Amino acid sequence: QKEVEQNSGPLSVPEGAIASLNCTYSDRGSQSFFWYRQYSGKSPELIMFIYSNGDKEDGRFTAQLNKASQYVSLLIRDSQPSDSATYLCAVNILSNSGYALNFGKGTSLLVTP
Amino acid sequence: AAGVIQSPRHLIKEKRETATLKCYPIPRHDTVYWYQQGPGQDPQFLISFYEKMQSDKGSIPDRFSAQQFSDYHSELNMSSLELGDSALYFCASSLGLLAGRETQYFGPGTRLLVL
Chain A
1 QKEVEQNSGP LSVPEGAIAS LNCTYSDRGS QSFFWYRQYS GKSPELIMFI YSNGDKEDGR
61 FTAQLNKASQ YVSLLIRDSQ PSDSATYLCA VNILSNSGYA LNFGKGTSLL VTP
Chain B
1001 AAGVIQSPRH LIKEKRETAT LKCYPIPRHD TVYWYQQGPG QDPQFLISFY EKMQSDKGSI
1061 PDRFSAQQFS DYHSELNMSS LELGDSALYF CASSLGLLAG RETQYFGPGT RLLVL
């Protein structure tokens, strides 16, 4: 069973709107949460990480974490066509040797002009 | 800022041939991860190394092996290549395995095509 769940989408939003991407995880021991953006054929690019409950803002991006609900989200304000990509949620898990990241399957976002 | 370097960027091989992919982590990063990503798939974790020792193993086929060298670069060796091995192979590096140091930064990837 995949430990990090994301809606595969595609999520379609008009330009200028707020895009909301969601992720749930199963390991209550997870402490670090990451959002990566991946354009087709390119490598994942780190957008944000969040460790504490609540919101963390960086420019047009806001990450939200609710550990009690095991839920992390990414809001993209004023969405642009260039934001069209797959967004990967990653959660740290304790493996044999230390912490590693467990990735969700990603949500495809399409921002239409 | 220096990033993860992977070589080659593109590779074409025949079935049953071997391939070697190289990864040079960000300076001071001692942990390297390898991922395989097929078309339309999420990255699948293959194997990782910390301080030149294997730290974790994912869905890496027995035909593949990897190691991390004294300068922290890593090589993924793939033998008896099959058509299904055609994919993007990403390397990522991090500062370590402690909580807060495990943020992974990805290289540009190697696109492998097996004919």
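One line per chain: the protein sequences are A and B, in this order.
Using my numbering, the final residue of the first sequence is 113, and nothing's skipped along the way.
Using my numbering, the final residue of the second sequence is 1115, and nothing's skipped along the way.
Note that CB positions come from ideal geometry on N, CA and C, so glycine has one too.
These numbers come from a predicted model, not from an experiment.
Endpoints, beta strand (DSSP E) assigned at residue i
i, result
"E1014 of chain B", "Taken as a continuous stretch (DSSP letters only), E1014 of chain B belongs to no beta strand (DSSP E), as it is neither H nor E."
"Y1050 of chain B", "1044-1050"
"G54 of chain A", "54-58"
"Q31 of chain A", "Looking at the DSSP string, Q31 of chain A is not in any beta strand (DSSP E), and its letter there is neither H nor E."
Chain-order list of residues whose beta-carbon lies under 6 Å from that of residue i (same chain, five-residue window excluded)
i, result
"Q1 of chain A", "Only weak support is given to the placement of Q1 of chain A: the predicted model assigns it a pLDDT of 48, under 50, and the question is left unresolved by the model."
"Y1024 of chain B", "I1005, H1073"
"P14 of chain A", "T112"
Residue i in three-state terms, based on DSSP
i, result
"P1061 of chain B", "coil"
"P81 of chain A", "helix"
"L101 of chain A", "strand"
"D1030 of chain B", "coil"
"S1084 of chain B", "Looking at the sequence shown, residue 1084 of chain B is not Ser but Gly. Helix at G1084 of chain B."
"L1098 of chain B", "coil"
"K42 of chain A", "coil"
"P14 of chain A", "strand"
"H1073 of chain B", "coil"
"S73 of chain A", "strand"
Residue i - partner residues in DSSP beta bridges
i, result
"I1005 of chain B", "B:Y1024"
Residues near residue i by beta carbon distance below 7 Å, same chain, minus five either side
i, result
"S1007 of chain B", "K1022"
8 Å Cβ shell around residue i - same chain, five flanking residues per side excluded
i, result
"P84 of chain A", "In the sequence under discussion, the amino acid at residue 84 of chain A is Ser, which differs from the Pro named in the question. Excluding positions up to five away in sequence, the list reads L109, L110, V111."
For the pair the segment 53-67 of chain A and the segment 100-107 of chain A, tell me if three or more CB-CB distances fall below 8 Å. Segments in contact, no.
Would the segment 1003-1010 of chain B count as touching the segment 1104-1113 of chain B if we require 3 or more Cβ pairs under 8 Å? Output reads yes: the segment 1104-1113 of chain B touches the segment 1003-1010 of chain B.
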